[in-house]
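Enquirer:
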Amino acid sequence: MALSIVHRATGVALYFGTLLLAWWLIAAASGPTAYANVQAFTGSAIGRLIVFGYTWALMHHLCSGIRHFVWDLGYGFKANEREALTWGALVAGIVLTVLVWIIAYAVGGGR
Amino acid sequence: MSGPSSMRTPLERVRGLGSAHTGTGDFWRQRLTAVAMTLLIVPVIVVVIMLIGRNHAGAAQILGSIPIAIILLLFIVASTWHMKIGMQVVFEDYIHNEKLKIACVMANNFFCVAVALASIYAILKLSSGV
Numbered sequence: 001m002a003l004s005i006v007h008r009a010t011g012v013a014l015y016f017g018t019l020l021l022a023w024w025l026i027a028a029a030s031g032p033t034a035y036a037n038v039q040a041f042t043g044s045a046i047g048r049l050i051v052f053g054y055t056w057a058l059m060h061h062l063c064s065g066i067r068h069f070v071w072d073l074g075y076g077f078k079a080n081e082r083e084a085l086t087w088g089a090l091v092a093g094i095v096l097t098v099l100v101w102i103i104a105y106a107v108g109g110g111r
Numbered sequence: 112m113s114g115p116s117s118m119r120t121p122l123e124r125v126r127g128l129g130s131a132h133t134g135t136g137d138f139w140r141q142r143l144t145a146v147a148m149t150l151l152i153v154p155v156i157v158v159v160i161m162l163i164g165r166n167h168a169g170a171a172q173i174l175g176s177i178p179i180a181i182i183l184l185l186f187i188v189a190s191t192w193h194m195k196i197g198m199q200v201v202f203e204d205y206i207h208n209e210k211l212k213i214a215c216v217m218a219n220n221f222f223c224v225a226v227a228l229a230s231i232y233a234i235l236k237l238s239s240g241v
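Now the structure itself:
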């Protein structure tokens, strides 16, 4: 498994994805028109896809990062442990992404 | 410079080594900000979900509340610092032209500071309610 490059790639994606977060905060501070523009974008099909991708990149980078914490603490270096941590991070990242979106739709979908 | 008769301590001799010439400082701060974000991620996601589907007035009211503003400020500082260090490592690994590398590292610093300050300014403005 070569997942360390995915950790790096999701990191780079999040780097540019932060622009979306900054745009959203600046729009909220600017006023109703600017905020409506952000909502129109995040509500569109491409916007939803980007936010979904951002969510996955964030969740994967988080889980993969926790895997690095385990290694930093000196554990999990055996071959089978490395495999388990890597697959665990991959699966947990996908599960958390889906979970966050289910909660988001359940809570915010009715508004 | 640092032979057997040097008066410099072992620590002083290794300080500032590494590709970034800052020793292990960035390594430590990368992990410090990572742990901070691991702790902050759940409250941040809760805040974002609270805002889904709300109009500007509702969103501005939530974002301007003191605990939420503090959570977001902490997350912005940790994330922009983390991404500044992370992207610098990427540049140092892949760009072998020294001048281009310095230009990219500089641009990286400008980008991260700009994103951080713009976001912080927005939150402070929402908090002050003007």
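Taken in sequence, the protein lines are chains A and B. Residue numbering for the first sequence follows the numbering used here, starting at 1 and increasing by one per position. Residue numbering for the second sequence follows the numbering used here, starting at 112 and increasing by one per position. Each residue gets a CB set at the ideal place from its N, CA and C atoms; glycine is no exception. All values reported here derive from a predicted model rather than from experimental measurement.
(1) In chain B, which residues lie with their C-beta within 7 angstroms of the C-beta of Gly108 (chain A)?
(2) Measuring only between beta-carbons, confirm whether Gly129 (chain B) sits less than 8 angstroms from chain A.
(3) How about Ile156 (chain B): is its C-beta nearer than 8 angstroms to some C-beta of chain D?
(4) Compute the distance between the beta-carbons of Ser239 (chain B) and Ile187 (chain B), then report whether it is under 8 angstroms.
(5) At which residues does the alpha helix (DSSP H) containing Gly65 (chain A) begin and terminate?
(6) Which residues in the same chain have their Cβ closer than 8 angstroms to the Cβ of Leu185 (chain B), if we skip the five residues on either side of it in sequence?
(7) Is the Cβ of Ile181 (chain B) closer than 8 angstroms to any Cβ of chain A?
(8) Relative to the alpha-carbon of Thr55 (chain A), which residue among A:Ala104, A:Trp23 and A:Thr86 has its alpha-carbon at the smallest distance?
(9) Val51 (chain A) to Gly74 (chain A), Cα distance in whole Å?
(10) Who are the neighbours of Leu25 (chain A) on chain B, taking C-beta pairs under 7 angstroms?
Expert: Inspection of the coordinates gives the following:
(1) Ile160, Ile163 and Gly164
(2) Not closer than 8 angstroms to any Cβ of chain A, the Cβ of Gly129 (chain B) fails to qualify, so no.
(3) Given the protein chain composition of this structure (A and B), no chain D is represented.
(4) no
(5) Ala45 to Asp72
(6) The residues are Ala147 and Leu151.
(7) no
(8) A:Ala104
(9) Rounded to whole angstroms, the gap between the alpha carbons of Val51 (chain A) and Gly74 (chain A) is 35 angstroms.
(10) Ser230, Ala233 and Ile234
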